[in-house]
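Visitor:
Numbering (my numbering), first residue to last: -13 to 476.
Here you go:
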């Protein structure tokens, strides 16, 4: 009896193993700098601080915003959550990364459990490996990015919509919609994936059936409620600051016509910031699962159809957006990965069933699929672990040594280098209207974080002080030398 109970417990907990392994792997390199060469964007060396600087302001300075940088207004629960983490563990990049890492691993565990409940324990394990072992997930999943929170909200909302066969009731649907809405509040582009999820669940369940439209309609109402709540409580009362945030975001002009849309879609095959290569084996497994689902659709249970429909809608709508916009770094693919993993579980379950009668067939299939799904990510991870650096620690120590509380620092990397010091930081982007003007005079900036021999836009107005500048030290960051420069008073 005890042996049976232990076996049942082990089997139930087995899908959690990929999440635990991913957690160990991410924690092992948590303090290290982002590995170079993963993207053409400079994002890994700037955006972590951009995402957490408002939470840091709240904890260290007592106010969310000190300038035109107000992303806490448009990234939903992310900033309040990070502020809570900073209050508990201190302000720093490592606590922020730890928080995001836990979100990522929770998503890995959830995708494995959902897949195991729908398609069997081994299929769930393989789905967890597919997500947790993916190169993009391992890379961005431990950095202070919004994408892991977005994908967790999307996955959790989807789970509530498909958790009970044939489809969840209106209460779970409404709760699922609230979660999807929170994903959109964290990053508005998630609206496309969320609408795709609802459309996919609707089509898979039969839109005319009450068991389908009732929870889907409740989910849509939940999403709208989140949007209205944000607009009334945050958006309208802070509209000028929100408009400034819109200038910070990358411009995403829609295609002018169908021809341009098709051109952009075709161009993605060759210009995708490596996203296709990084997700290739997962995409192949997902495509196989989609083919299996289409061929066996009549034999699938309603709950299984809901999983497939949600995953396909998630991908079609979410990736559809990425295919037609001009700016598409590979991190934008990260919220799509759980949908790929769910479809991969469909194919894995079919393969395991097909080889069940062969001696050792299931074991061979599990090993082969695990290797195919995890080896690319494991190989990339090994390279990051072998070459990891901690130059950010050096850069932050440089600022702590020279810049005192209450002073002001300007520069693209000012929030990152000065993250742990209670100073005002300015990211000046005059072309976007973000912190323009003479910050030496208006913002009392006396410290700059910049490349050697570069200068802020205001230097001609402060020539005597500029000529008296002194360099406190330099650090190699993101492939370029960055220096902390002091500008004395007039």
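The beta-carbon is built from N, C-alpha and C at its ideal position, and this holds for glycine as well.
Remember, predicted model here, so these are calculated numbers, not experimental data.
(1) Going straight from the alpha carbon of residue 416 to that of residue 255, what length do you get?
(2) Quick one, are the C-beta atoms of residue 113 and residue 368 less than 8 Å apart?
(3) Can you give the Cα-Cα distance for residue 465 and residue 21, rounded to whole angstroms?
(4) Could you say which of 276, 99, 174 lies nearest to residue 318 if we only look at CA atoms?
(5) Any idea if residue 144 is buried or exposed, counting beta-carbon neighbours within 10 angstroms, 16 or more meaning buried?
(6) Count the other CB atoms within 10 Å of the CB of residue -1; is the residue buried (16 or more) or exposed (fewer)?
(7) Would you mind stating whether residue 335 and residue 167 have Cβ atoms separated by less than 8 Å?
(8) Which same chain residues, not among the five before or five after residue 411, have their C-beta less than 6 Å away from its C-beta?
(9) Going by the beta-carbon positions, is the gap between residue 310 and residue 57 smaller than 8 Å?
(10) Quick one: give me the first and last residue of the beta strand (DSSP E) that residue 472 is part of.
(11) Closest to residue 301 by C-alpha separation, out of 187, 391, 247, would be which residue?
(12) For the beta strand (DSSP E) holding residue 459, just list the boundary residues, first then last.
(13) Between residue 33 and residue 355, what straight-line distance do the alpha-carbon atoms span, to the nearest angstrom?
(14) If you check the beta carbons only, do residue 104 and residue 276 fall under 8 Å apart?
(15) Tell me whether the beta-carbon of residue 146 lies closer than 8 Å to the beta-carbon of residue 169.
(16) Below 8 Å between beta carbons: does that hold for residue 308 and residue 314?
(17) Use the C-beta contact count for residue 480: other C-beta atoms within 10 angstroms, 16 or more gives buried, fewer gives exposed.
(18) Exposed or buried, residue 373, counting other C-beta atoms within 10 Å across all chains shown (16 or more means buried)?
(19) Should residue 468 go down as buried or exposed, given a rule of 16 or more other Cβ atoms within 10 Å for buried?
(20) Could you tell me which uninterrupted alpha helix (DSSP H) segments, each at least 4 residues in length, are contained entirely in the region 140 to 200, listed from first to last along the chain?
(21) Tell me which same chain residues have a C-beta within less than 7 Å of the C-beta of residue 362, skipping the five on either side of it?
(22) Got a sec, what are the start and stop residues for the alpha helix (DSSP H) residue 13 sits in?
(23) Would you report the Cα separation of residue 358 and residue 200, rounded to the nearest angstrom?
(24) Taking the alpha-carbon positions, what's the residue 460 to residue 428 distance?
(25) Using DSSP with H/G/I as helix, E/B as strand and the rest coil, what is residue 21?
(26) For the ligand PLP, is there a heavy atom less than 7 Å away from the beta-carbon of residue 343?
(27) Can you give me the start and stop residues for the alpha helix (DSSP H) that residue 426 sits inside?
(28) I need the boundaries of the beta strand (DSSP E) containing residue 436, first residue and last residue.
(29) Between which residues of its own chain and residue 5 is the CB-CB distance below 8 Å, once the five residues before and five after are set aside?
Guide: By the coordinates alone:
(1) If I take the Cα positions, the gap works out to 35 Å.
(2) Not in contact: residue 113 and residue 368 (Cβ atoms no closer than 8 Å).
(3) Rounded to whole angstroms, residue 465 to residue 21 spans 11 Å at the Cα level.
(4) 174 is the residue among 276, 99, 174 whose C-alpha sits nearest the C-alpha of residue 318.
(5) Residue 144 is buried by the Cβ-count criterion.
(6) It is exposed - the Cβ of residue -1 has fewer than 16 other Cβ atoms within 10 Å.
(7) In this structure, residue 167 does not lie closer than 8 Å to residue 335 by Cβ.
(8) Excluding its 5 nearest sequence neighbours in each direction, residue 411 has C-beta neighbours in its own chain below 6 Å: 395, 400, 401, 404, listed in chain order.
(9) Not in contact: residue 310 and residue 57 (Cβ atoms no closer than 8 Å).
(10) Taken as a continuous stretch (DSSP letters only), the beta strand (DSSP E) holding residue 472 covers 466 to 472.
(11) That would be 187, whose Cα lies nearest to the Cα of residue 301.
(12) Run containing residue 459: 456 to 463, per the beta strand (DSSP E) assignment.
(13) So the alpha carbons of these two residues sit roughly 34 Å apart.
(14) Between residue 104 and residue 276, the gap from beta carbon to beta carbon reaches 8 Å or more.
(15) No, Cβ-Cβ distance for residue 146 and residue 169 is not below 8 Å.
(16) Taking 8 Å as the cut-off, the Cβ atoms of residue 308 and residue 314 count as close.
(17) Shown here, the chain extends from -13 to 476; a query on residue 480 therefore has no answer.
(18) The residue is exposed, with fewer than 16 neighbouring Cβ atoms inside 10 Å.
(19) Residue 468 comes out buried.
(20) For the region 140 to 200, whole alpha helix (DSSP H) runs of length 4 or above, ordered along the chain, are 156 to 172, 176 to 191.
(21) Within the same chain, residue 362 has close Cβ partners 121, 267.
(22) Unbroken alpha helix (DSSP H) run through residue 13: 3 to 14.
(23) Rounded to whole angstroms, residue 358 to residue 200 spans 40 Å at the Cα level.
(24) Distance between the alpha carbons of residue 460 and residue 428 is about 26 Å.
(25) For residue 21, the secondary structure class from DSSP, reduced to helix, strand or coil, is coil.
(26) Ligands in the displayed structure: none, and consequently the ligand PLP is not present.
(27) Run containing residue 426: 425 to 428, per the alpha helix (DSSP H) assignment.
(28) From DSSP, the beta strand (DSSP E) with residue 436 extends over 433 to 436.
(29) Within the same chain, Cβ atoms closer than 8 Å to the Cβ of residue 5 are found at 91, 92, 94, 95, 98, 114, 118, the five residues on either side in sequence being excluded.
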